[in-house]
Structures are given as structure tokens and as C-alpha cells.
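Comments concern the structure below.
There are 2 protein chains.
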Amino acid sequence: MATVAVQSFVSAPLQVPKVTQFKIGICQLKVTTEKSANIFNARSMIQAAAEQGASLILLPEMWNCPYSTDLFAKFAEDFSDIDSAPSLLMLSEVASSLGVTIIGGSIPEKDAGQLYNSCPVFGPNGELKAKHRKIHLFDMGKPLPGEVQFKESDNISAGEKPTVVDTDCGRIGIGICHDIRFPELAMSYSARGAHLVCYPGAFNMSTGATLWELEQRTRAVDNQVIPCYFMMIVLYVFMWYLAPCCEAC
Amino acid sequence: MATVAVQSFVSAPLQVPKVTQFKIGICQLKVTTEKSANIFNARSMIQAAAEQGASLILLPEMWNCPYSTDLFAKFAEDFSDIDSAPSLLMLSEVASSLGVTIIGGSIPEKDAGQLYNSCPVFGPNGELKAKHRKIHLFDMGKPLPGEVQFKESDNISAGEKPTVVDTDCGRIGIGICHDIRFPELAMSYSARGAHLVCYPGAFNMSTGATLWELEQRTRAVDNQVIPCYFMMIVLYVFMWYLAPCCEAC
Numbered sequence: 001m002a003t004v005a006v007q008s009f010v011s012a013p014l015q016v017p018k019v020t021q022f023k024i025g026i027c028q029l030k031v032t033t034e035k036s037a038n039i040f041n042a043r044s045m046i047q048a049a050a051e052q053g054a055s056l057i058l059l060p061e062m063w064n065c066p067y068s069t070d071l072f073a074k075f076a077e078d079f080s081d082i083d084s085a086p087s088l089l090m091l092s093e094v095a096s097s098l099g100v101t102i103i104g105g106s107i108p109e110k111d112a113g114q115l116y117n118s119c120p121v122f123g124p125n126g127e128l129k130a131k132h133r134k135i136h137l138f139d140m141g142k143p144l145p146g147e148v149q150f151k152e153s154d155n156i157s158a159g160e161k162p163t164v165v166d167t168d169c170g171r172i173g174i175g176i177c178h179d180i181r182f183p184e185l186a187m188s189y190s191a192r193g194a195h196l197v198c199y200p201g202a203f204n205m206s207t208g209a210t211l212w213e214l215e216q217r218t219r220a221v222d223n224q225v226i227p228c229y230f231m232m233i234v235l236y237v238f239m240w241y242l243a244p245c246c247e248a249c
Numbered sequence: 001m002a003t004v005a006v007q008s009f010v011s012a013p014l015q016v017p018k019v020t021q022f023k024i025g026i027c028q029l030k031v032t033t034e035k036s037a038n039i040f041n042a043r044s045m046i047q048a049a050a051e052q053g054a055s056l057i058l059l060p061e062m063w064n065c066p067y068s069t070d071l072f073a074k075f076a077e078d079f080s081d082i083d084s085a086p087s088l089l090m091l092s093e094v095a096s097s098l099g100v101t102i103i104g105g106s107i108p109e110k111d112a113g114q115l116y117n118s119c120p121v122f123g124p125n126g127e128l129k130a131k132h133r134k135i136h137l138f139d140m141g142k143p144l145p146g147e148v149q150f151k152e153s154d155n156i157s158a159g160e161k162p163t164v165v166d167t168d169c170g171r172i173g174i175g176i177c178h179d180i181r182f183p184e185l186a187m188s189y190s191a192r193g194a195h196l197v198c199y200p201g202a203f204n205m206s207t208g209a210t211l212w213e214l215e216q217r218t219r220a221v222d223n224q225v226i227p228c229y230f231m232m233i234v235l236y237v238f239m240w241y242l243a244p245c246c247e248a249c
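Chains A and B supply the protein sequences, listed in that same order.
Using UniProt numbering, the final residue of the first sequence is 249, and nothing's skipped along the way.
Using UniProt numbering, the final residue of the second sequence is 249, and nothing's skipped along the way.
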């Protein structure tokens, strides 16, 4: 059904695409243990965002799967075989039927015996335009008593490349959650002429909110990107805090 | 009197010096049009900080001179001839007599027909251990009606090198004011093993406070530097907001 045409960082054309005013829909999902329910919910929210005028729609990190390292393998999909990947198939279908660009948060990706935390990007014709594998996995140190413990690298392999993709909504750099902690990634996207830098994320209250408030503001300021008409903005998508769809631009 | 031994970024030894617990004195000065008064005030505050137990004492940007581009030449001093440079001579003398390390904010430096915005660092024996020339000059764009206008590069030449200096209080990276806006400088200092990164600064209310609150927090977080015992911190010194001497460590 959908064709696979993954664009690498290196091959992104230097001619930066035009940007026009558009509305961004940022979807937050309450993930369940039922993959089919997660897919249904995501599709419903994407449709709601499009009905409110969004032409660029974003999902959060690991939206098809509970954020638990022991479940990633069970929920993983093969990006090279979209017809057998129900989460990717839905994104391709809904992007095409609604004519929107989707930054598909992330889902577990399986490839050659490895798992990755990967973000698919679909264009309005249903094409998989890019995928970004999370580069900086989130391994917490020794937790404080009563705090959450998490070591993503127990099950997930790290991506090795930045990802820039040219879309109908401009040039977009992709990071996933903890990727935002490393300024050099956003700096490289800015240097590549990105109009937007999107970080689908999922975090908990003990490690996330204060850091994210700081980091997303900083990535915008440090890269001279101002959240305003036609200018570059740093976007972030996370699970619990944003309204289902907000006008960001 | 004082010897000149300026240490460059390149020649900083890879063996990182030890750090022990110490108190930092951050001095804020209200600058006048009288250079001698500014020197007297700075010396008084350095002495007050030392009397409160500070062994590392910091001054703000352009502490000997009103922050006006047309006055920089008049107040400038030659770092290669400290005996004829009253601001530097005072810093050398007071560092030696009190046995403290001084990050001497900045003063206008004259060298070979050029002016620089330069930070001297004096050790407890009165030695000029390093100087940092401000790399990122502050040129404002077209101001809004009623806003301040400022173009530092009208009179000042930009420095070309990062500055790391090993002191009795640990390895210190130096930036001056607008240098904080560029994450790569602090990242390079962190990579060089700096325990502290100090940014003497001077800003006005229309361009400064909000940005500085963000930037100093971010430089600390992004470089894994936590304001805590014996750990790296990002310090900033500015004119109007901090108490004359505060215990930062």
C-alpha cells in the first residue's frame, strides 16, 4: 500500500522548502495495554485535529504501547513492511485520507533482531517520508527511594543519525524525548535550515516536567527560533499536559 | 609588579586540578563616570567578600567604565603593562594581599590599536593567570520604539578564543555576557573538564533578565553541572540583581 522512502539526514536537499501559515495539531493519548485500542484512539484524535484545521499533526512517544521495556518487543512493528504493521498502516491511511502530514510520535520498531524507539513521518499522500530512531536512550541512574526506575537501553538499541525531512509544512528536524537534552542535535537541525524541530516525548512527573519546560524554551532561543508566524519553533509533544489539539503557529 | 602569564585554551593542561569546598563572592557594582571611584568601590567589595570568607571573587562586566561604546577607549587599559593599568593593578594587589582568586569581570582592553571587552583572572599571588576577550559582541537589531539601542561592535573587536584557566578553586571557563547565548562555548568548557563556568555580565531590563534566567539554568543542565557541593556550576555575575556577596557553593 504505502511506499517506503526514508530520507536520511545526509541526503536532505539544501534547497529549503517554503513555509506557509498552517495549524499544528498536538495529540495526547492515554495509552492502554490493547494495541488495537491505542490505534483506534490515535486515529480518532488525528481526525479530530484535522477537523479543527490542522495540516501537521503530531503524536507522542510510544503511543501504541505502554511505556514498559518488557512490552516493547510485543508491540513492535517492521517499518520495511508497512502492510503488516497496523500502527504504521493506520498512519499512512489516515494521512492520505485526510491529506495531512503526520509526525507519528514513536512506536517500537523491530529490525534485524534489534528494537528501536522510532518516529515515522507520513506525508499527505500516505508515503512514509522519514523515520527517526531515538539517539539518546533514557537510562536513569540509581533511583531515590520511592522514585521511578527506568533503563531504556535494556531492550532498545540507539539510533545513530539525526533526521531532517522536507514536508508540505516545511523542513522538520526530529528528536525523540531525551534527544532534547542534547543541544547539538537541535543546533544541527537549525544549521540545516529546519523550520520546525519536533520532539515527541513521554515523561513522568519525577523526571520530566521541570526539565522539559526549560529545554524546549532553550532549544528555541539558542537556535534563534521564535514561536511566531512562519518562523522556526521547537515543538514538543508529550502525554499528559497539552490539550488534544492546539494551534501552535 | 605583577607578572603576565596568560594561559590559552589550547595550552590548558589535561590534568584537571582538584576542587575543594569554597565560598564564592559575587560583587555587583553601581558604575560611575569616575574610574578612580569605580576602582575604589570594586576594591571595597572584594575586601568585603573576602571578609565573609570568599576565596573566589567575581566582578561584573565593564565594572570600571560606564557601559557606553563612546567611553570604552577612555577607560581602556593595556593588559601587557599592568603597572600602568590602574584597574588591573588594583586587582593584582588585592588578590595578593587577601590571598584570593579574582575573576575580574571585564574592562575595556587596548591592544595594537584595537579595543576588546576583556576579563582578567588573578591568582592569590597577584599573577594575571588568564584573560578572556568577549567573543560574541552584543549588537542589537533595529530597536522597538522607546527601546534601548546598542551596537558593541561599533568600538569593540571580538575575541577569537575560548578561555579555560586552572585556579586554586578549580578549572574555570570564562565567558562574558552575550557569550552565554551560544551553547557551544559552555559545551567546550564542560568537555575540557571545567568545574565552573563564569559569565560576568551587564544587561538592561529590556533585553536581559528573562533571557539570563533561562540561559544560566540551561548551561548548567545541558552540561550536567549541578549547583551543589564540589560539582560544576554555571555562575553569572550581573549588575543589579544579586546581593553584594552571596554564598554560591
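Every residue gets a Cβ at the ideal spot worked out from N, C-alpha and C, and that includes glycine.
None of these values were measured; they are calculated from a predicted model.
Legend entry - Unbroken stretches of the alpha helix (DSSP H), 4 residues or longer, contained in the region 58-142 of chain B: Counting whole runs of 4 or more residues, the region 58-142 of chain B contains the alpha helix (DSSP H) stretches 72-75 and 86-98.
Legend entry - Close Cβ partners of GLN7 of chain B (< 7 Å) along its chain, the five nearest in sequence each way excluded: As a first step, residue 7 of chain B must be located in the second sequence, where it is residue number 7. Confidence is the limiting factor: at GLN7 of chain B the pLDDT is only 45, short of 50, which leaves the residue's position unreliable, though a coordinate-based value still follows. Cβ neighbours of GLN7 of chain B within its own chain (closer than 7 Å, five residues either side excluded): LYS129, ALA130 and VAL165.
Legend entry - Cα-Cα separation, LEU137 of chain A to ILE156 of chain A: The count along the first sequence starts at 1 and reaches residue 137 of chain A at position 137. The count along the first sequence starts at 1 and reaches residue 156 of chain A at position 156. In a straight line, the C-alpha of LEU137 of chain A is about 8 Å away from that of ILE156 of chain A.
Inset, instruction - Just the C-alpha distance for GLY99 of chain B and LEU88 of chain B, rounded to the nearest angstrom, thanks. - result: As a working mapping, residue 99 of chain B is identified with position 99 in the second sequence. As a working mapping, residue 88 of chain B is identified with position 88 in the second sequence. Rounded to whole angstroms, GLY99 of chain B to LEU88 of chain B spans 16 Å at the Cα level.
Legend entry - Within chain A, partners of MET187 of chain B - CB distance below 9 Å: Locating residue 187 of chain B in the second sequence gives position 187, where the first residue counts as 1. The answer, in chain order, is PRO183 and GLU184.
Inset, instruction - Could you tell me the boundaries of the beta strand (DSSP E) in which ARG171 of chain B lies? - result: Here residue 171 of chain B is taken as the residue at index 171 of the second sequence, counted from 1. That run of the beta strand (DSSP E) goes 170-174.
Inset, instruction - Compute the Euclidean distance between the alpha carbons of PRO17 of chain B and LEU196 of chain B, then round it to the nearest angstrom. - result: Residue mapping note: residue 17 of chain B aligns to position 17 of the second sequence, counting from 1. Residue mapping note: residue 196 of chain B aligns to position 196 of the second sequence, counting from 1. Rounded to the nearest whole angstrom, the CA to CA distance from PRO17 of chain B to LEU196 of chain B is 12 Å.
Legend entry - Supposed close pair LYS200 of chain B, GLY105 of chain B - CB separation, criterion 8 Å: For this step, residue 200 of chain B is matched to residue 200 along the second sequence. For this step, residue 105 of chain B is matched to residue 105 along the second sequence. Per the sequence shown, residue 200 of chain B should be read as Pro rather than Lys. Sure, about 4 Å apart at Cβ, within 8 Å.
Inset, instruction - Throw me the rounded Cβ distance for the THR101 of chain B and CYS169 of chain B pair, which I believe falls under 8 Å. - result: For the purposes of this step, residue 101 of chain B is identified with residue 101 of the second sequence, where counting begins at 1. For the purposes of this step, residue 169 of chain B is identified with residue 169 of the second sequence, where counting begins at 1. Yes, THR101 of chain B and CYS169 of chain B are in contact; Cβ-Cβ is about 5 Å, under 8 Å.
Inset, instruction - Answer with buried or exposed for TYR229 of chain B, where buried requires no fewer than 16 other C-beta atoms within 10 angstroms of its C-beta. - result: Here residue 229 of chain B is taken as the residue at index 229 of the second sequence, counted from 1. Low confidence applies here, because TYR229 of chain B scores a pLDDT of 33, under 50, leaving its location unreliable and the question unanswered by this model.
Inset, instruction - Keeping to the same chain, check which residues put their C-beta closer than 6 Å to that of ALA186 of chain A; ignore five residues upstream and five downstream. - result: For the purposes of this step, residue 186 of chain A is taken as the residue at position 186 of the first sequence. Annotation for ALA186 of chain A: VAL197, ARG219 and ASN223 place their beta carbon closer than 6 Å to its own, counting only its chain and skipping 5 residues before and after.
Inset, instruction - Can you pull the chain B residues whose beta carbon is under 9 Å from the beta carbon of ARG217 of chain A, in chain order? - result: Here residue 217 of chain A refers to the residue found at position 217 of the first sequence. For ARG217 of chain A, the chain B residues whose Cβ falls inside 9 Å of its Cβ are LEU214 and THR218, in order along the chain.
Inset, instruction - Give the straight-line distance between the Cα atoms of PHE79 of chain B and PHE22 of chain B, rounded to the nearest whole angstrom. - result: For the purposes of this step, residue 79 of chain B is taken as the residue at position 79 of the second sequence. For the purposes of this step, residue 22 of chain B is taken as the residue at position 22 of the second sequence. Cα to Cα, the separation comes out at about 28 Å.
Inset, instruction - State yes or no: is the C-beta of GLY126 of chain B within less than 8 Å of the C-beta of ALA95 of chain B? - result: Looking up residue 126 of chain B in the second sequence gives position 126. Looking up residue 95 of chain B in the second sequence gives position 95. A contact, by the Cβ cut-off of 8 Å.
Inset, instruction - Note down, in chain order, every chain A residue with its Cβ under 9 Å from the Cβ of LEU91 of chain B. - result: Stepping through the second sequence from its first residue, residue 91 of chain B is reached at position 91. Residues of chain A passing the Cβ test: none, with the nearest at roughly 32 Å.
Inset, instruction - Kindly say whether VAL121 of chain B, judged by its beta-carbon, lies nearer than 8 Å to any beta-carbon of chain A. - result: Locating residue 121 of chain B in the second sequence gives position 121, where the first residue counts as 1. Judged by the 8 Å Cβ criterion, VAL121 of chain B is not in contact with chain A.
Inset, instruction - Enumerate in chain order the residues of its own chain whose CB-to-CB distance from THR32 of chain A is below 7 Å, with the five nearest sequence positions on each side excluded. - result: Numbered from its first residue, the first sequence carries residue 32 of chain A at position 32. Around THR32 of chain A: ASN38.
Inset, instruction - Whole angstroms is fine: what's the gap from ALA50 of chain B's alpha carbon to ALA42 of chain B's? - result: Numbered from its first residue, the second sequence carries residue 50 of chain B at position 50. Numbered from its first residue, the second sequence carries residue 42 of chain B at position 42. ALA50 of chain B and ALA42 of chain B: Cα-Cα distance of roughly 12 Å.
Inset, instruction - Please state whether DSSP places THR33 of chain A in a helix, a strand or coil. - result: Sequence index remark: in the first sequence, residue 33 of chain A carries index 33 (1-based). Coil, per DSSP.
Legend entry - CB contact below 8 Å: PHE238 of chain A versus chain B: What you label residue 238 of chain A is simply residue 238 of the first sequence in a count that begins at 1. Here PHE238 of chain A scores only 37 on pLDDT, less than 50, and its place in the model should not be relied on; the value that follows carries that caveat. Not one chain B Cβ lies under 8 Å of PHE238 of chain A.
Legend entry - ALA54 of chain B - partner residues in DSSP beta bridges: The residue labelled residue 54 of chain B in the question sits at position 54 within the second sequence. Looking at the DSSP assignment, ALA54 of chain B forms a beta bridge with B:LYS23.
Inset, instruction - Tell me whether ALA76 of chain A is buried or exposed, calling it buried when 16 or more other Cβ atoms sit within 10 Å of its Cβ. - result: Taking the first residue of the first sequence as position 1, residue 76 of chain A is located at position 76. Burial call: buried.
Legend entry - Where VAL221 of chain B falls: helix, strand or coil (DSSP): As a first step, residue 221 of chain B is located in the second sequence; it is residue number 221 there, counting from the start. The answer is helix: DSSP assigns VAL221 of chain B an H, G or I state.
Inset, instruction - Name, please, each residue of chain A whose Cβ falls closer than 9 Å to the Cβ of LEU211 of chain B. - result: If you number the second sequence from 1, residue 211 of chain B lands on position 211. Near LEU211 of chain B (Cβ distances below 9 Å), the residues of chain A are VAL221.
Inset, instruction - Pull up the DSSP beta-bridge partners for THR163 of chain A, would you. - result: Reading the first sequence from its first residue, position 163 is the one you call residue 163 of chain A. Answer by DSSP bridge pairing, in chain order: A:ILE174.
Inset, instruction - Kindly give me the distance between the Cβ atoms of GLY123 of chain B and THR163 of chain B, rounded to whole angstroms, as I take these residues to be in contact under 8 Å. - result: Taking the first residue of the second sequence as 1, we reach residue 123 of chain B at position 123. Taking the first residue of the second sequence as 1, we reach residue 163 of chain B at position 163. 15 Å between Cβ atoms; not a contact.
Inset, instruction - State the start and end residues of the unbroken alpha helix (DSSP H) segment that holds ALA158 of chain B. - result: By 1-based counting over the second sequence, the position of residue 158 of chain B is 158. Unbroken run through ALA158 of chain B: none, as it is neither H nor E.
Legend entry - Beta-carbon gap between GLY159 of chain A and HIS178 of chain A smaller than 8 Å: Translated into the one-based positions of the first sequence, residue 159 of chain A becomes position 159. Translated into the one-based positions of the first sequence, residue 178 of chain A becomes position 178. Contact flag unset, no.
Legend entry - Classification of ILE226 of chain B by the beta-carbon crowding that lies within 10 angstroms, buried from 16 upward: The residue labelled residue 226 of chain B in the question sits at position 226 within the second sequence. Model confidence at ILE226 of chain B stands at a pLDDT of 41, short of 50, so the residue's coordinates are unreliable and nothing is read from them.
Inset, instruction - Check whether the Cβ atoms of ILE180 of chain A and GLN216 of chain A sit closer than 8 Å, and answer yes or no. - result: For this step, residue 180 of chain A is matched to residue 180 along the first sequence. For this step, residue 216 of chain A is matched to residue 216 along the first sequence. Taking 8 Å as the Cβ cut-off, ILE180 of chain A and GLN216 of chain A qualify as a contacting pair.
Inset, instruction - Count the other C-beta atoms from every protein chain shown that fall within 10 angstroms of the C-beta of GLN114 of chain B, then say buried if there are 16 or more, exposed otherwise. - result: Counting from 1 along the second sequence, the entry for residue 114 of chain B is found at position 114. Per the 10 Å Cβ criterion, exposed.
Legend entry - Backbone CA spacing between residue 277 of chain A and ALA202 of chain A [nearest angstrom]: Here chain A has residues from 1 to 249 only, and residue 277 of chain A is not among them.
Legend entry - Helix, strand or coil at PRO227 of chain B [DSSP, three-state]: Reading the second sequence from its first residue, position 227 is the one you call residue 227 of chain B. Only weak support is given to the placement of PRO227 of chain B: the predicted model assigns it a pLDDT of 40, under 50, and the question is left unresolved by the model.
Inset, instruction - With distances taken Cα to Cα, identify the nearest neighbour of PHE40 of chain A among A:PRO86, A:LEU214 and A:THR20. - result: In the first sequence, counting from the first residue as 1, residue 40 of chain A sits at position 40. Comparing Cα positions, the closest option is A:PRO86.
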